[in-house]
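Note sheet for the following structure.
2 protein chains.
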Amino acid sequence: MNKIKLGSKPMIYPMPVTLVGADVAGKPNFMTIAFIGVVNMNPAMVAMGANPSHFTTRGIVENRTFSINLPSKKMLEVTDYVGLFSGKTHDKSQLFTIFRGETKTAPMIEECPVNLECRLVEKLSLGGTDDLFIGEIVQTYCAEEFMTNGKPDVEKMGSFVFTMDDNRYFSLGKPIGKAWSDGKNFKSK
Amino acid sequence: MNKIKLGSKPMIYPMPVTLVGADVAGKPNFMTIAFIGVVNMNPAMVAMGANPSHFTTRGIVENRTFSINLPSKKMLEVTDYVGLFSGKTHDKSQLFTIFRGETKTAPMIEECPVNLECRLVEKLSLGGTDDLFIGEIVQTYCAEEFMTNGKPDVEKMGSFVFTMDDNRYFSLGKPIGKAWSDGKNFKSK
């Protein structure tokens with residue numbers, strides 16, 4: 016075993032990059048979140064870790080709704096900006112064109128190719144730096160220009176990802192395989 | 016608003032691709048998991064959604080340990096194979112070289128560039144298809160060949176990602192930005 020021990024590191028590589036939104040004190044606010052993942056197929060649910068000091072988390076708890084917005088790489092600078100500055104000192108309500116869905120209180124970003132409108136199911140303390148927010152996705156939005164055969168297409172979306180510790184953003188490369196399919200060839204080797 | 020409503024979709028794009036391992040009935044078993052994300056910085060924790068019928072989940076509950084192994088794109092076929100077939104009918108204990116850490120009961124895959132050794136903190140029912148597993152990362156392992164300046168490097172790791180619904184795997188592209196940095200340029204425009 017030639018592996019080096021790095022200690023306890025939050026390194027599920029690579030991580031998604033999302034802009035999570037909520038109304039706080041009557042205005043849309045956003046935070047940049049990579050500590051997030053899908054955790055349930057049906058109903059579709061997400062789990063997110065966020066420091067409770069983040070301004071956006073106030074709105075999530077108050078309204079019990081939030082949005083997850085997936086930015087394109089064209090939006091890299093503004094996405095990073097949202098993560099650098101708190102809504103306590105920087106008004107982020109004018110950064111994006113906002114639209115709303117059935118929950119009314121989850122501000123969504125028109126410029127982002129895909130938007131997930133969520134209801135807060137539960138907030139749990141993990142006894143650490145971040146609280147765990149579990150959300151149910153009540154509606155998914157995508158503009159037609161980012162879809163192929165009726166499905167969101169990360170190539171058209173210009174998706175990008177994040178790695179923590181070296182703190183870099185990466186574009187996606189090319190499709191290299193088909194899930195629930197390529198593994199059928201494995202045993203024949 | 017020119018967006019199309021797609022219904023409730025688990026679409027945090029793109030998703031990581033991981034091989035999650037546990038000892039089941041005395042043998043290492045693995046499942047391919049994309050419903051997973053970091054949810055706490057300190058102590059480092061993950062949240063994972065997995066259908067309780069998966070063979071591997073038995074071992075996670077029994078031993079209260081599991082591993083998260085990050086495959087390289089060279090391992091795409093075997094990674095997809097692991098997701099296609101259940102340990103109930105297919106013995107996956109010989110697919111990889113196994114090593115173990117301090118927990119002893121979390122089988123880790125030597126061939127994967129990065130391994131996260133986890134203790135189960137909590138298992139919650141979400142009232143849906145999947146159960147929520149919250150794990151604390153007790154140790155992280157990486158071979159030197161996959162690191163740059165002492166940190167795991169996704170370019171050397173050959174990381175790849177997944178999109179659900181169109182069920183494709185994608186390689187990563189190039190570094191396109193620096194986190195907690197590029198956003199400082201945003202306002203100057």
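Chains as they are written, first to last, in this note's numbering: chain V, 16 to 204; chain F, 16 to 204.
Every residue, glycine too, gets a C-beta built ideally from N, C-alpha and C.
Going by beta-carbon coordinates alone, are Asn-44/F and Lys-107/F separated by less than 8 Å?
Within the second sequence, residue 44/F is the residue found at index 29, counting from 1. Within the second sequence, residue 107/F is the residue found at index 92, counting from 1. Contact flag set, yes.
Select from the region 145 to 158 of chain F all residues with a C-beta closer than 8 Å to any C-beta belonging to chain V, and list them in chain order.
Asp-145, Leu-147, Ile-149, Glu-151, Ile-152, Val-153, Gln-154, Thr-155, Tyr-156, Cys-157 and Ala-158
If we require 3 or more residues per run, which beta strand (DSSP E) segments fall completely within the region 123 to 167 of chain F?
129 to 140 and 146 to 158
Does the beta carbon of Glu-92/V sit closer than 8 Å to a beta carbon anywhere in chain F?
Locating residue 92/V in the first sequence gives position 77, counting from the first residue. At least one chain F Cβ lies under 8 Å of Glu-92/V.
Cβ of Leu-34/F within 8 Å of any chain V Cβ
Here residue 34/F corresponds to residue number 19 of the second sequence, with the count starting at 1. No, Leu-34/F lies away from the interface with chain V (no Cβ there is under 8 Å from its Cβ).
From what residue to what residue does the alpha helix (DSSP H) around Phe-111/F run?
By one-based count along the second sequence, residue 111/F stands at place 96. That residue, Phe-111/F, is in no alpha helix (DSSP H); it is neither H nor E in DSSP.
Starting from Tyr-96/V, follow the alpha helix (DSSP H) in both directions and report where the run begins and ends.
Residue 96/V sits at position 81 when you count from the first residue of the first sequence. Per DSSP, Tyr-96/V belongs to the alpha helix (DSSP H) from 91 to 99.
How close, in whole Å, do the beta carbons of Ser-82/V and Leu-131/V come, if the pair is a contact with beta carbons under 8 Å?
As a first step, residue 82/V is located in the first sequence; it is residue number 67 there, counting from the start. As a first step, residue 131/V is located in the first sequence; it is residue number 116 there, counting from the start. With 8 Å as the limit, Ser-82/V and Leu-131/V qualify as a contact, their Cβ atoms being about 7 Å apart.
Tell me Val-32/V's beta-bridge partners as DSSP assigns them.
As a working note, residue 32/V is residue 17 in the first sequence. Per DSSP, none; premise fails for Val-32/V.
Figure out for me which residue from Arg-183/F, Phe-114/F, Leu-99/F and Tyr-184/F has the closest Cα to the Cα of Lys-199/V.
Here residue 199/V is taken as the residue at index 184 of the first sequence, counted from 1. Measuring from the Cα of Lys-199/V, the nearest candidate turns out to be Leu-99/F.
Taking Phe-201/F as the query, report the chain V residues whose CB atoms sit under 8 Å from its CB, ordered along the chain.
In the second sequence, counting from the first residue as 1, residue 201/F sits at position 186. Per Cβ cutoff of 8 Å: Glu-92, Val-93, Asp-95 and Tyr-96.
Using C-beta distances below 8 Å, list every residue in its chain close to Thr-71/V, excluding the 5 sequence neighbours before and after it, in chain order.
Here residue 71/V refers to the residue found at position 56 of the first sequence. So the qualifying residues of the chain are Val-35, Gly-36, Ala-37, Val-39, Asn-44, Phe-45, Met-46, Ala-65, Phe-81 and Gly-102.
Contacts around Cys-133/V, its chain only, beta-carbon distance under 6 Å, and the 5 residues preceding and following it disregarded:
Taking the first sequence and counting its residues from 1, one reaches residue 133/V at position 118. Only Phe-81, Gly-150 and Ile-152 meet the Cβ criterion.
Taking Ile-75/V as the query, report the chain F residues whose CB atoms sit under 9 Å from its CB, ordered along the chain.
What you label residue 75/V is simply residue 60 of the first sequence in a count that begins at 1. Within chain F, no residue comes near Ile-75/V; the closest Cβ sits about 15 Å away, beyond 9 Å.
Let's see if you can read the secondary structure: which residues bound the beta strand (DSSP E) around Lys-20/F?
On the second sequence, position 5 is the one that residue 20/F refers to. Counting along the chain, the beta strand (DSSP E) containing Lys-20/F begins and ends at 18 to 22.
Tell me which residue opens and which closes the alpha helix (DSSP H) that Phe-70/V is part of.
Mapped onto the first sequence, residue 70/V falls at position 55. Taken as a continuous stretch (DSSP letters only), the alpha helix (DSSP H) holding Phe-70/V covers 70 to 78.
Excluding the five sequence neighbours on either side, which residues of its own chain have a C-beta within less than 7 Å of the C-beta of Pro-31/F, listed in chain order?
On the second sequence, residue 31/F is found 16 positions in, with the first residue counted as 1. Same-chain partners within the cutoff: Ala-49, Ile-51 and Val-176.
Buried versus exposed, by CB contacts within 10 Å (16 or more), Gly-142/F:
As a working mapping, residue 142/F is identified with position 127 in the second sequence. Per the 10 Å Cβ criterion, exposed.
With Lys-171/V as the anchor, note down where its alpha helix (DSSP H) starts and where it stops.
The count along the first sequence starts at 1 and reaches residue 171/V at position 156. From DSSP, the alpha helix (DSSP H) with Lys-171/V extends over 169 to 172.
Using a threshold of 8 Å, state whether the C-beta atoms of Ser-140/F and Ala-59/V are closer than that.
Within the second sequence, numbered from 1, the residue matching residue 140/F stands at position 125. Within the first sequence, numbered from 1, the residue matching residue 59/V stands at position 44. Not a contact, by the Cβ cut-off of 8 Å.
Would you say Ser-140/F lies against chain V (beta-carbon separation less than 8 Å)?
For the purposes of this step, residue 140/F is taken as the residue at position 125 of the second sequence. Ser-140/F does not count as touching chain V.
In this structure, how does DSSP classify Gly-188/F when only helix, strand and coil are distinguished?
On the second sequence, position 173 is the one that residue 188/F refers to. Of the three classes helix, strand and coil, the one that applies to Gly-188/F here is strand, per DSSP.
Close Cβ partners of Cys-157/F (< 7 Å) along its chain, the five nearest in sequence each way excluded
Position 142 of the second sequence, counted from the first residue, corresponds to residue 157/F. Excluding residues within five positions, the ones whose Cβ falls inside 7 Å are Pro-128, Val-129 and Pro-167.
Selection of the region 48 to 65 of chain F by Cβ proximity to chain V, strictly under 7 Å:
Phe-50, Ile-51, Gly-52, Val-53, Val-54, Asn-55, Met-56, Asn-57, Pro-58, Ala-59, Met-60, Val-61, Ala-62, Met-63 and Gly-64
Exposure of Asn-84/V, with buried meaning 16 or more beta-carbon neighbours within 10 Å:
Along the first sequence, read from residue 1 onward, the residue named residue 84/V stands at position 69. Buried, because 16 or more other Cβ atoms sit within 10 Å of the Cβ of Asn-84/V.
Determine the direct distance from the alpha carbon of Glu-170/V to that of Thr-94/F, and round the result to whole angstroms.
To locate residue 94/F, count along the second sequence from 1; it is residue 79. To locate residue 170/V, count along the first sequence from 1; it is residue 155. For Thr-94/F and Glu-170/V, the distance between alpha carbons rounds to 22 Å.
Quick one: grab the DSSP three-state call for Asp-180/F.
The count along the second sequence starts at 1 and reaches residue 180/F at position 165. In the structure shown, Asp-180/F sits in coil (DSSP, three-state: anything other than H, G, I, E or B).
Chain-order list of residues whose beta-carbon lies under 7 Å from that of Val-136/V (same chain, five-residue window excluded):
Working through the first sequence from its first residue, we reach residue 136/V at position 121. The answer, listed in chain order, is Met-60, Ile-149, Gly-150 and Glu-151.
Which residues bound the beta strand (DSSP E) around Lys-103/F?
On the second sequence, position 88 is the one that residue 103/F refers to. Note, Lys-103/F: premise wrong, no beta strand (DSSP E); not H, not E.
Roughly how many angstroms lie between the CA atoms of Asn-55/V and Ala-62/F, to the nearest whole one?
Translated into the one-based positions of the first sequence, residue 55/V becomes position 40. Translated into the one-based positions of the second sequence, residue 62/F becomes position 47. Those two C-alpha atoms are separated by around 11 Å.
For chain F, find out if any of its Cβ atoms is closer than 8 Å to the Cβ of Lys-107/V; answer yes or no.
Working through the first sequence from its first residue, we reach residue 107/V at position 92. Closer than 8 Å: no.
Comparing C-alpha positions only, which one of Asp-181/V, Arg-183/V, Asp-180/V and Met-162/V sits nearest to Gly-173/V?
The sequence position of residue 173/V within the first sequence is 158, counting from 1. Looking at the Cα atoms, Met-162/V is the closest of the given residues.
Taking C-beta pairs closer than 8 Å, name the residues in chain F that Asn-17/V reaches, listed in chain order.
Locating residue 17/V in the first sequence gives position 2, where the first residue counts as 1. Ala-158 and Glu-159, listed in chain order.
In whole angstroms, what separates the C-alpha of Glu-159/V from that of Glu-125/V?
Position 144 of the first sequence, counting from 1, holds the residue named residue 159/V. Position 110 of the first sequence, counting from 1, holds the residue named residue 125/V. Those two C-alpha atoms are separated by around 13 Å.
How many Å lie between Lys-193/V and Met-179/F at the Cα?
For the purposes of this step, residue 193/V is identified with residue 178 of the first sequence, where counting begins at 1. For the purposes of this step, residue 179/F is identified with residue 164 of the second sequence, where counting begins at 1. So the two alpha carbons sit approximately 10 Å from each other.
Checking the sheet assignment: what are the DSSP bridge partners for Met-63/F?
Position 48 of the second sequence, counted from the first residue, corresponds to residue 63/F. Answer is Ile-51/F and Phe-148/F, bridged to Met-63/F.
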